[in-house]
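Colleague:
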Amino acid sequence: MHSRDARPEGFTRRSWHRKASKPVSYWMIALVIAVAAHPLIPQFRWLLVHMVTLGLVTTSIMVWGQHFTEALLKTRLGEETRPKQVARIWALTASIILTMAGMLANLPLLTVLGAIGVSAMILWYAFALGAQLKAALAPRFAFVVRAYLIAACLLPFGAALGAILAFSPGEPWQGRLLLAHQIVNILGFVGVTVSATLLTLWPTVLRTKLDTAKATRASRFLIVMVIGTLIAMLGALVDNVLVGLAGLTLYILGQVVIGLLLVALARQSSRQVRREPLALFPVLSIGAGALWFLGTCVALWGLWFSSIGSSDGSPVTSPLNFSLTAARLHDLSVPFVAGFLLQVLLGAMSYLLPASMGGGPRALKAGLAVMSRWAVFRVVALNLALGMFAFASISGMVGEALFDALTFGTFAPSQFGSVTRVLVSAVAFLVLASFIVLMLRMVKVNLRERLEFKERSAQLGMPGIGAPANPQQSGTSGSAPAAIASGVSSTPALAHEGEARREPATLGRRHLTSALAGAGTVFSLAAVGRAFDGTLAGATAVGIPSQGAGSEHGAGPAIAPTGRTTRLTVEANAEMRFVPNTLEVPAGDRLEIEVHNVDPANTHDLVLDTGAHTERLHPGDTVVLEAGVVTAPIEGWCSIVGHRAMGMTLTITPTGARTSGSHSSDGGAAGVGTDPLARVSADLTSAPGSSRTRRDPVMPAVPSPATPQKLAFTVTEENLEIAPGIAMESMVYNGEVMGPVITSPLGGKIELTLTNSGDMGHSIDFHAGTVAPNRYMRTIAPGESLTYPFTTDYAGAWLYHCSTAPMTMHLSGGMYGILIVPPQGLAPADREYVLVQSEHYLAPEASTGADGSPAQGPDGCALHAISSEKIFAERPDFTVFNGHANQYVHEPLEAKVGERVRIWVLAAGPSRGIAFHVVGTVFDTVFKEGEYLLRPDNTTGGGAQALDLGSCQGGFVEMVFHEEGTYKAVNHQFVDLERGALALIHVTA
């Protein structure tokens, strides 16, 4: 027997709702926290969008889809099904978190795993709906559940497209995949589900009777919307604008037909007389959300149509091609997410939560009243704020006309500056966040009313709160859809509206006052923001240094802001160039730069000498940089190490203005007044930092030739100590300056997997291999991996290093190592060591943090960036063995008298060689670049004092110590010895 025989079904459903809805509440709280902390979150835009779409909306669909299915099909599931439903919802939540963690940590495989989990849970949900639909007996509203099922089956396609996007495929595929992803998920999964739900929920909210025949006819267009979704997705993927627009047209047709029915129901409700007014917030919020949905779909149609042609302005080769990039699609994020999804969701929940909690008519009425507090103010303020953001992002006359109409011509889109945006967005945020406060208040009011109702029922001898008044409706516990399913025109709490005559529902003077208050709040804050924006622009115009774009560093005429905004597009490409690299802007205009990273492999950014800068852009990413009001020439560059030195710079020139006076374009690390070649020094007599572990110089054992080696390197960018008290912004293999020491026998097979977990493109080049460089040494983007198989057919001390341009920057940043292949018949030595020399070039001034304070490396070391100026001038600061200056002075190598000691030596560079010498002994064996130069049994009785190696050359020397003592292994180019190329060898008896 089921437990519902022992206790009322209503109690079970309320308990299920409490457990199933917890993830939704948690997502709301997490979203509020994420919005408040978004400046600290990487990829915050992606995170906020997906916290709404995946976290809030998808979870809510799973919860309320099950609720509506049971109510509309009149199915009564056993209590044993409830734990499975709750487990499915929590598994969905865990999969969503996994997906987000993968994106934020730039781990595409983790994102793929999360997407698989999300798809699996949604398909399980669809299967459960299908089973309930099959078991139902000729329900009138089966079309709603069928729409749920079909829409759920679309989500795995969208999840797969999103998983591919995690690998940053670059344009044009970035735009195609993103468009297809949004079409399937928002228009397909969410849009079809919401449209089907509104066919029954909308009349329930309006407390009006639904004509089942009309609803059934309108529901046929849900299939039209599904077909339109699939066609539009295909058009996006195959790069065919006509196919895409055809699918989108079908979709909008379905929206319009269903929308006409919803409008008719609204008109029907407005003509009704009723005893109690409608709960206003659900009506206004759902209605506004539906309008945003239709309007945004139309905007997407226009955006898609306007993108015919090529992004670089070249002649159109076919009217079927389009160049709708990811950047342009981002302009629709606010309308889709906040305008449509959040408003419909919060409006529906404002009605459904009080209805699902039960407690009798008084509790329902009180709960709806709480959720509708300040309804008109909230809806007007939110939609006015959203409209300002949406219309300001539309370029051209259409955007200006819409913005002027929305703001009654009080100010132009060009005056919608950064401070104004912050203040207006704060209004929208507070309005949305107020839902959580009101929801908690509603729960408290509901519990109070239920307690009072229980006390009254006990006094009158009536059934308790848990017992349903109508046994036929016990399966739905008074839920809103049950009213429609039973042919009732209103919720049970508010039935019999015609018993007392009242005026038709209208918006009265109080509502008009609330609307004016909402609009006045937004306009007032916008005016304050505009004043601050104007003050900042004015400071820029009169040449106050570092306060705005193009501030002049010498005397010059003041330039007044024009109030206009110019938006220009710049591409960062694989040739390490900005295209175009010269931008002309009317003097006094506010400049917005749309930066596209079209480089398929490398990360880029754009930094202006005014201080404005973008975040780092992965391949395919796009961002809009607010450059401010342009009054004087501005220099810009890519701050990724080495990119500026390779020519990745641009110049912004104001037109129509004199540019007298000096202008500094020095935005490099050296800073004003600092010699860019000034040496960074360290106390080389000091020990390395406490957290710095001595690099083991002992040569690893050579593996068996019968066993192929499978190696894994992970590229990261870290701050690591390279000399006492000095840290470098390093790029490394497996976490250390100088990668792992690899050994291999002659003829050995190696298969290395390289994973790029850094923020820019990287690669690897093994000098010991004979492979196609374009295939295995190619640069891979962040998050990507490649497999590099090769055979060690030749003996030697071989260099491996990053071959991504500029190689000098990557190699001096720590991306190098040694592969040792001993020659045939090499006799064993008593001790065998490895010393790899490299030189490092540091910017004279220490790096600074985001707040301008000096940045620090491990153990409080001064942190320095790599200096391209010093590399080109060949002015290294430190020359080191195995990644750290003088580390073997404090922890020497060890040997004993009479032992044969072999030292493998490699000059990794990037530019300097080595004259390797051990003070106090003579080499009796010298092996250089694959051949012996000297053996112990040579007929001439000769010895060697040094092994001379050019950059990237390697070999080994052997020696036998005859006395106890401390010996010095040095680079006999003494300037390099004094920069840190020194190791001690402690010899004992």
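Here the sequence shown stands for residues 1 to 989, numbered as in full-length UniProt numbering.
Using N, Cα and C, we set each Cβ at its ideal position, and we do this for glycine too.
State the Cα-Cα distance for the pair Leu799 and Ala969, rounded to the nearest angstrom.
Modeller: The alpha-carbon atoms of Leu799 and Ala969 are separated by roughly 21 Å.
Colleague: I want to check one thing, is the minimum distance from the CB of Phe713 to the heavy atoms of the ligand ATP below 7 Å?
Modeller: As presented, the structure is devoid of all ligands, the ligand ATP included, so that no description of it is given.
Colleague: Using CA atoms only, rank isn't needed, just tell me which of Thr216, Thr921, Ala385 is closest to Ala519.
Modeller: Of the candidates Thr216, Thr921, Ala385, the one whose C-alpha sits nearest the C-alpha of Ala519 is Ala385.
Colleague: With a threshold of 16 other CB atoms inside 10 Å of the CB of Ile29, please say whether the residue is buried or exposed.
Modeller: Exposed: under 16 other Cβ atoms inside 10 Å.
Colleague: Does Gln709 come out as helix, strand or coil in the three-state DSSP assignment?
Modeller: Three-state result, Gln709: strand.
Colleague: Beta-carbon within less than 7 Å of Val257's beta-carbon, same chain only, minus the 5 sequence neighbours each way: which residues are those?
Modeller: Cβ within range, chain order: Ala218, Phe221.
Colleague: Buried or exposed for Pro910, please, with buried defined as at least 16 other CB atoms from any protein chain shown within 10 angstroms of its CB.
Modeller: Per the 10 Å Cβ criterion, buried.
Colleague: Would you say Gly748 and Thr792 are within 8 Å of each other, going by their C-beta atoms?
Modeller: Cβ distance < 8 Å, so Gly748 and Thr792 count as in contact.
Colleague: In whole angstroms, what is the alpha-carbon distance linking Gly980 and Arg900?
Modeller: Their backbone Cα atoms lie some 26 Å apart in a straight line.
Colleague: Does Val238 pass the burial test, meaning 16 or more other C-beta atoms within 10 Å, or should it be called exposed?
Modeller: Answer is exposed; the Cβ neighbour count stays below 16.
Colleague: Do you know whose CA, among Phe167, Leu161, Ala781, lies nearest Ile183's CA?
Modeller: Among Phe167, Leu161, Ala781, the Cα nearest to that of Ile183 belongs to Leu161.
Colleague: Would you mind sorting Val672 into buried or exposed? The rule is 16 or more other CB atoms within 10 Å of its CB.
Modeller: Confidence at Val672 is low in this model, with a pLDDT of 40, below 50, so the placement of that residue should be treated as unreliable; the coordinate-derived value is given next. It counts as exposed.
Colleague: Counting along the chain, where does the beta strand (DSSP E) carrying Arg902 start and finish?
Modeller: Counting along the chain, the beta strand (DSSP E) containing Arg902 begins and ends at 900 to 909.
Colleague: Go ahead and pull the three-state DSSP assignment for Leu826.
Modeller: Three-state DSSP puts Leu826 in coil, outside helix and strand.
Colleague: Please state whether DSSP places Gln856 in a helix, a strand or coil.
Modeller: Note: Gln856 maps to strand in three-state DSSP.
Colleague: Measuring only the C-alpha atoms, how far is Trp16 from Arg82?
Modeller: Each residue's Cα considered, the two are about 7 Å apart.
Colleague: Is the beta carbon of Tyr794 less than 8 Å from the beta carbon of Leu754?
Modeller: Not closer than 8 Å, so no.
Colleague: Taking Met699 and Trp904 to be in contact with their CB atoms under 8 Å, please state how far apart those CB atoms are, rounded to whole angstroms.
Modeller: Going by Cβ atoms, the distance from Met699 to Trp904 rounds to 6 Å, so yes, they are a contact pair.
Colleague: Use the C-beta contact count for Gly857: other C-beta atoms within 10 angstroms, 16 or more gives buried, fewer gives exposed.
Modeller: Buried: at least 16 other Cβ atoms inside 10 Å.
Colleague: Please report the Cβ distance between Tyr125 and Arg76, rounded to the nearest whole angstrom; I am assuming they are in contact, meaning their Cβ atoms lie under 8 Å.
Modeller: That belief does not hold up - the Cβ atoms of Tyr125 and Arg76 are roughly 19 Å apart, past 8 Å.
Colleague: Going by the CB atoms, is the gap between Phe927 and Phe956 shorter than 8 Å?
Modeller: Their beta carbons are under 8 Å apart, which means Phe956 touches Phe927 by this criterion.
Colleague: Would Ser418 and Glu626 qualify as a contact pair, given that the criterion is a beta-carbon distance under 8 Å?
Modeller: A contact, by the Cβ cut-off of 8 Å.
Colleague: Using the Cα positions of Ala25 and Gly254, report the straight-line distance between them to the nearest angstrom.
Modeller: A small fix is needed here, since residue 25 is Ser in this sequence, not Ala. About 32 Å.
Colleague: Less than 8 Å between the CB atoms is what I'm expecting for Leu608 and Ile640, so what's the real figure, rounded?
Modeller: Wrong, their Cβ atoms sit about 15 Å apart, outside the cutoff.
Colleague: In the DSSP assignment, find the unbroken alpha helix (DSSP H) run with Arg378 in it and report its ends.
Modeller: It spans 375 to 392 - the alpha helix (DSSP H) in which Arg378 sits, taken as one unbroken run.
Colleague: Measuring CA to CA, which of Thr296, Leu606, Leu982 is closest to Ala723?
Modeller: Considering only alpha carbons, the answer is Leu982.
Colleague: So within the stretch 743 to 827, which uninterrupted beta strand (DSSP E) runs reach at least 3 residues, ignoring any that extend past its ends?
Modeller: Entirely contained in the stretch 743 to 827, the beta strand (DSSP E) runs reaching 3 residues are, in chain order, 748 to 756, 785 to 792, 796 to 801, 816 to 821.
Colleague: Just grab the DSSP bridge partners of His864 for me.
Modeller: Paired residue(s): Met728.
Colleague: Buried or exposed: which applies to Lys870, given that a residue is buried once 16 or more other Cβ atoms fall within 10 Å of its Cβ?
Modeller: Counting Cβ neighbours within 10 Å, Lys870 comes out buried, since at least 16 surround it.
Colleague: Expressed to the nearest angstrom, what Euclidean distance is found between the alpha-carbon atoms of Ala772 and Val63?
Modeller: If you take the alpha carbons of Ala772 and Val63, they lie about 54 Å apart.
Colleague: Check for me: the alpha helix (DSSP H) holding Tyr125 runs from which residue to which?
Modeller: Its alpha helix (DSSP H) spans residues 108 to 135.
Colleague: In three-state DSSP terms, what is Ile871?
Modeller: Helix.
Colleague: Please classify Gly958 as buried or exposed, where buried requires at least 16 other C-beta atoms within 10 Å of its C-beta.
Modeller: First, the amino acid is wrong: residue 958 is Glu here, not Gly. It is buried - the Cβ of Glu958 has at least 16 other Cβ atoms within 10 Å.
Colleague: To the nearest angstrom, how far is the alpha carbon of Leu934 from that of Glu845?
Modeller: Near 46 Å, if we compare the C-alpha coordinates of Glu845 and Leu934.
Colleague: Quick one: using the 10 Å Cβ neighbour count with 16 as the cut-off for buried, is Ile33 buried or exposed?
Modeller: With fewer than 16 other Cβ atoms within 10 Å, it is exposed.
Colleague: To test your reading of the DSSP string, which unbroken beta strand (DSSP E) runs of 3 or more residues are found completely within the stretch 901 to 985?
Modeller: You should have 914 to 919, 925 to 928, 931 to 934, 947 to 949, 954 to 960, 965 to 971.
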